[in-house]
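For reference, the structure discussed in these notes is given below.
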Amino acid sequence: MAAALALACGVVHAQPAAPGCGNLANSFGPHDYRTERGQPLYLVESAHFTPQVEALIRGATARRPGSDIDYTLRAFPNHHRALLAMVKLAEAAKTPVPPEMRYSVDCWFDRAIRFRADDYTVRMIYAGYLGRQGRADAAKQHLELVAERAGDNGFTHYNVGLVYFELRDHERALRQAHRAMALGFTRPDLRERLTAAGRWSEPTTASGAGAAAASAPAGSASSTEPAAAGIAASASGSASGAAGRP
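So the sequence shown is numbered by the working numbering: it starts at 44 and just counts up by one.
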């Protein structure tokens, strides 16, 4: 994942696959987790991504959960909760290839990003994983892209700040907190964490205006995405107080 990623939005099936990560063709789907929330999602989740699978307790169609998460991610490559479960499974097993799954963690994210490069929640989950693997530079590539594309979406800027904080990049976390505040998003969690770390400072009027200007509309992140705060934070082991929509 150290290579720079394409910035195109929308369907990006033409984007080349990383070696060994497979194409996206599938007998069922692939479907977009953000927009196809009806019967296709119900069929997959009820048969394969059950609460027990998501919690890594047991499989739905096999003894262990890996094969069911595998099926879910082939049908919905950008299924946020399945990506989280896949990451947790790999981290619990201390292996880059989750047990009973055909691809590595990096490959599953490569597939999700190839499928929908504009799904910023996927990139934030991946950034959290990369950070925990000691790959902060690669993580920051994703976060910089999301911040650049977030436009006037204060919620997304805030979420990016949370992940920067988990990477111990307090300067960028503070900058994203200021951007979110300038856009009217005032949830206190990130400010409280920065304060506890001794890295909080109030934005000046000038810096607040600059943050709003830097976040101006071009290609803003979709506000219809599921709550990335909870997703990104739980991916980095700090979900408390971050879940849910604003």
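Using N, Cα and C, we set each Cβ at its ideal position, and we do this for glycine too. Remember, it's a predicted structure, so these values are computed and weren't measured experimentally.
Query, Result
"Using the beta-carbon count (16 or more within 10 Å), is Pro231 buried or exposed?", "exposed"
"Check this for me: beta carbons of Arg124 and Glu97, under 8 Å apart or not?", "yes"
"Compute the beta-carbon to beta-carbon distance between Val148 and Tyr172, rounded to the nearest angstrom, for a pair I have assumed lies under 8 Å.", "6 Å"
"With the cut-off set at 8 Å, would you say Arg154 and Pro120 are in Cβ contact?", "yes"
"Taking Asp75 as the reference, which of Lys137, Asp161, Thr93 and Leu127 has the closest Cα?", "Asp161"
"For a quick check, are the C-beta atoms of Gly204 and Ala179 less than 8 Å apart?", "no"
"For Lys137 and Met224, what's the separation of their Cα atoms in angstroms?", "38 Å"
"So Leu67 is in the alpha helix (DSSP H); what residue range does that whole segment cover?", "Unbroken run through Leu67: none, as it is neither H nor E."
"Nearest by alpha-carbon distance to Arg234: which of Gly227, Phe228, Trp243 and Leu226 is it?", "Trp243"
"Just verifying my parser: in three-state terms, what is the DSSP assignment at Thr138?", "coil"
"Please give the ranges of any beta strand (DSSP E) in the segment 63 to 136, keeping only runs that are unbroken, at least 3 residues long and fully inside the region.", "none"
"How many whole angstroms separate the CB atoms of Phe158 and Tyr169, which I take to be in contact at a CB cut-off of 8 Å?", "Not really, about 13 Å apart at Cβ, beyond 8 Å."
"DSSP three-state call for Ala216: helix, strand or coil?", "helix"
"Going by DSSP, what residue range makes up the alpha helix (DSSP H) through Phe228?", "Where Phe228 is concerned, there is no enclosing alpha helix (DSSP H), given that its DSSP letter is neither H nor E."
"Would you say the beta carbon of Glu191 comes nearer than 7 Å to a heavy atom of the ligand FMN?", "The model on display carries no ligand, and the ligand FMN is accordingly not part of it."
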